[in-house]
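For reference, the structure discussed in these notes is given below.
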Amino acid sequence: MDLTRFAGITVLVVDENRFMRSLVRQLFNAVGIRNVVEAGDSAVALEELRRLPVDLVVCELELNPIDGVEFIRMIRTAPDMPNPFVPVIVLTGEARLAKVLAARDAGMSEFMAKPLTAKAFYGRILAVFEKPRPFVRTTGYFGPDRRRRETAVSRNRRSNRPSLISINPLGVSR
Amino acid sequence: MSVLAWSESLSVGVPVIDADHRLLIDLINAAGRARDEGTGAQALSGILFTLVNYTVVHFGREERLLERFGYPQLAAHRAEHETLVAQLRESCRLIEGEDGASRIGELLFFLKNWLLIHIMGTDQAYAPFLAGHEIDLTELDRAAIPVAGLGSDSGETAAAASLGDDWFVWNEAMSVGVPAIDADHRVLIGLIRTLKDAVEAGQGSEVVDSVLNALVDYTRVHFAREEGLMERLGYPETGPHQATHDLLVRQVEGLVSLRQPGAVLALDREVLLFLKHWLNTHILGTDMRYKDFFAGKVVDLEKATLEDVRSLVAEGEDEGLDDWDRLYQQ
Numbered sequence: 001m002d003l004t005r006f007a008g009i010t011v012l013v014v015d016e017n018r019f020m021r022s023l024v025r026q027l028f029n030a031v032g033i034r035n036v037v038e039a040g041d042s043a044v045a046l047e048e049l050r051r052l053p054v055d056l057v058v059c060e061l062e063l064n065p066i067d068g069v070e071f072i073r074m075i076r077t078a079p080d081m082p083n084p085f086v087p088v089i090v091l092t093g094e095a096r097l098a099k100v101l102a103a104r105d106a107g108m109s110e111f112m113a114k115p116l117t118a119k120a121f122y123g124r125i126l127a128v129f130e131k132p133r134p135f136v137r138t139t140g141y142f143g144p145d146r147r148r149r150e151t152a153v154s155r156n157r158r159s160n161r162p163s164l165i166s167i168n169p170l171g172v173s174r
Numbered sequence: 175m176s177v178l179a180w181s182e183s184l185s186v187g188v189p190v191i192d193a194d195h196r197l198l199i200d201l202i203n204a205a206g207r208a209r210d211e212g213t214g215a216q217a218l219s220g221i222l223f224t225l226v227n228y229t230v231v232h233f234g235r236e237e238r239l240l241e242r243f244g245y246p247q248l249a250a251h252r253a254e255h256e257t258l259v260a261q262l263r264e265s266c267r268l269i270e271g272e273d274g275a276s277r278i279g280e281l282l283f284f285l286k287n288w289l290l291i292h293i294m295g296t297d298q299a300y301a302p303f304l305a306g307h308e309i310d311l312t313e314l315d316r317a318a319i320p321v322a323g324l325g326s327d328s329g330e331t332a333a334a335a336s337l338g339d340d341w342f343v344w345n346e347a348m349s350v351g352v353p354a355i356d357a358d359h360r361v362l363i364g365l366i367r368t369l370k371d372a373v374e375a376g377q378g379s380e381v382v383d384s385v386l387n388a389l390v391d392y393t394r395v396h397f398a399r400e401e402g403l404m405e406r407l408g409y410p411e412t413g414p415h416q417a418t419h420d421l422l423v424r425q426v427e428g429l430v431s432l433r434q435p436g437a438v439l440a441l442d443r444e445v446l447l448f449l450k451h452w453l454n455t456h457i458l459g460t461d462m463r464y465k466d467f468f469a470g471k472v473v474d475l476e477k478a479t480l481e482d483v484r485s486l487v488a489e490g491e492d493e494g495l496d497d498w499d500r501l502y503q504q
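For the protein sequence lines, the chains are A and B, in the order given.
Number 153 in our numbering belongs to position 153 of the first sequence; there are no gaps in the numbering.
Plus 174 on top of the position in the second sequence (first one is 1) and you've got our numbering.
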């Protein structure tokens, strides 16, 4: 895939720590992705999501005034969110597994732990661009398919069969 | 190797210098431990080169301090430093060569003894001299003492690190005539600046290590791009240039390995100054050597894209599960 076409996307970085935001911005800039918008709290971030055509979100889970997990759930389900399909990469220092699992169940797309490495960071970005998870809608969940990529799980196993939604989350033609 | 312990008897009465000595002792102990535990040769030589570099940094700092107060025996003291630095450089050269690993123990032993004798003898000699000055030595900040000795004559000081925006900026004089390489250099300089800001703001390991990791990773991406270009265009000095890259990666890996739990946090600032100095002299020196060579060629290097980080991402991918997999298995 020609990745240069992603150079024009808009990324929203949400983290209370300005050094982390600056670092993430620089890592995007380094590979030619220049439209990076920073938000120091989740309220500003939601405002930006309403205002701008954001193609990718990178966020902490420790957020105020709305907690990171709830922030992700809002992106996916709030009626005033223009793009519920936007990929959300969680970059967090959160150590409690329960919280990270909650973020997964709220609809995060990818996850990485702090301290980050550029290897892990770019790995998640590439995964989002090249192997986007299909979105599913069940009675209790809307978001990227939470199962492992390419795992052979019998679909009949599920009683509550999800409707697979074929989308192109980044809206980039390929 | 027996562990070298700091004690008050080693104090020269100048807290900044004592702090340097403690750090050197920590580094010697870390190197000894790495050797005893059979840590990889790469990490060990990284620590060793850090030790040697830091020794040079420390000597520069100490000499500037003595110079400031007009210490009468400075010339002799400096000569002693210079002799050791020359010996260390020679040892590093030997360690780089064949059978180098077998010489590491020898070097460590030598350095440990040299340092003890030097601190307890030559350094103690200036303690009463400095004590006779009216300045409060405890007020001296290590950051306020210029760091020389790595070959810098630009008069840059650690104090300048606090001076703000123009601390380390890319400028036209740093251009190697290849826009894509200049862009990489600007990225690296930007990350070093962020590292400085984070360290100065007292940020914890989550942030500082993130920046450091990113800096190390992106440095490798940049080196690979630059080396690829040099090879494609048949640059005659590719080999030696590459060797300086390899050495830096080892040194930085050594530094980073020291930042594990129980790490020497005082090292952050030194890492910073080391990286800044290294990059500055590397761009202005080693990189500039290819400027004229590239000038007459068709240079096929674009600014970095995600394609350039693909090999970084793919490295060691089979070593295990990624974060998501681990998460999903819960």
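Beta carbons: idealized from backbone N, C-alpha and C, even for Gly.
Predicted, not measured: the structure shown is a model, and the values here were computed from it.
query	result
DSSP three-state call for residue 91/A: helix, strand or coil?	strand
Please report the straight-line C-alpha distance between residue 384/B and residue 394/B, rounded to a whole angstrom.	16 angstroms
Does the distance from the C-beta atom of residue 8/A to that of residue 487/B stay below 9 angstroms?	no
Hey, residue 448/B and residue 227/B are a contact pair by Cβ (cut 8 angstroms); roughly how many whole angstroms apart?	6 angstroms
In chain B, which residues lie less than 9 angstroms from residue 81/A when you measure between Cβ atoms?	Here the premise fails: no neighbours, minimum Cβ distance about 24 angstroms.
Taking only the alpha-carbon atoms, compute the straight-line gap between residue 147/A and residue 74/A and give it to the nearest angstrom.	21 angstroms
If you run the structure through DSSP and keep just helix, strand and coil, what is residue 332/B?	For residue 332/B, the predicted structure reports a pLDDT of 41, less than 50, and the residue's modelled location is therefore unreliable. A value from the coordinates is still provided. If DSSP states are grouped into helix, strand and coil, residue 332/B belongs with the helices.
Which of the residues in the segment 359 to 371 of chain B, read from start to end, lie with their CB under 8 angstroms from any CB of chain A?	361, 364, 365, 368 and 371
Could you check whether the segment 466 to 480 of chain B touches the segment 351 to 363 of chain B, counting it as contact only if at least three pairs of C-beta atoms, one from each stretch, sit closer than 8 angstroms?	yes
Measure from the alpha carbon of residue 388/B to the alpha carbon of each residue in 118/A, 77/A, 93/A and 136/A, then state which is nearest.	118/A
Express the C-alpha separation of residue 365/B and residue 23/A in angstroms, rounding to a whole number.	7 angstroms
In three-state terms, what does DSSP make of residue 81/A?	coil
Below 7 angstroms on C-beta distance, what does residue 17/A contact in chain B?	381
Take residue 461/B as the anchor and find which of 407/B, 450/B and 400/B has the nearest alpha-carbon.	400/B
Here's the rule I'm using: 16 or more other beta-carbon atoms within 10 Å means buried, otherwise exposed. How should residue 132/A be labelled?	buried
Taking the alpha-carbon positions, what's the residue 211/B to residue 179/B distance?	19 angstroms
Could you give the first and the last residue of the continuous beta strand (DSSP E) run that contains residue 143/A?	142 to 144
Below 8 angstroms between beta carbons is the criterion; list the residues of the segment 469 to 483 of chain B that meet it against any residue of chain A, in chain order.	477, 478, 479, 480, 481, 482 and 483
If residue 362/B and residue 453/B are in contact, beta carbons under 8 angstroms, what's the gap, nearest whole angstrom?	6 angstroms
Short of 8 angstroms Cβ to Cβ, which residues in the segment 109 to 126 of chain A face chain B?	110, 111, 112, 113, 114, 115, 116, 117, 118, 119, 120, 121, 122, 123, 125 and 126
Verify the CB distance criterion: does residue 391/B have a CB-CB separation below 9 angstroms to chain A?	yes
Of the residues that make up the segment 32 to 50 of chain A, which ones have a beta carbon closer than 9 angstroms to any beta carbon in chain B?	32 and 33
Beta carbon of residue 12/A, beta carbon of residue 61/A: below 9 angstroms?	no
In the DSSP assignment, find the unbroken alpha helix (DSSP H) run with residue 13/A in it and report its ends.	Not the alpha helix (DSSP H): residue 13/A falls in the beta strand (DSSP E), residues 10 to 14.
Closer than 8 angstroms to a non-hydrogen atom of the ligand ZN - does that hold for the CB of residue 146/A?	The ligand ZN is absent from the structure shown, which contains no ligand whatsoever.
Considering residue 179/B, what are the terminal residues of the beta strand (DSSP E) in which it resides?	Looking at the DSSP string, residue 179/B is not in any beta strand (DSSP E), and its letter there is neither H nor E.
Say whether the segment 42 to 59 of chain A touches the segment 404 to 414 of chain B, bearing in mind that this needs 3 or more beta-carbon pairs closer than 8 angstroms, one atom from each stretch.	no
What did DSSP end up calling residue 19/A once you bin it into helix, strand or coil?	helix
Between which two residues does the alpha helix (DSSP H) harbouring residue 361/B extend?	353 to 374
Is residue 20/A close to chain B, meaning its C-beta is less than 9 angstroms from at least one C-beta of that chain?	yes
Can you tell me whether DSSP reads residue 426/B as helix, strand or coil?	helix
Quick check on the DSSP output: the alpha helix (DSSP H) that includes residue 381/B runs from which residue to which?	379 to 406
Could you check what DSSP says for residue 318/B in three-state terms: helix, strand or coil?	Summary for residue 318/B: the model assigns pLDDT 47, below 50, so the residue's position carries little reliability; its value from the coordinates is reported in the next sentence. Helix at residue 318/B.
Can you pull the chain B neighbours of residue 93/A, defined as C-beta to C-beta under 8 angstroms?	380
If the criterion is Cβ atoms closer than 9 angstroms, does the pair residue 282/B and residue 222/B meet it?	yes
Under 6 angstroms Cβ to Cβ from residue 192/B, same chain only, skipping five residues before and after it: list those, please.	185
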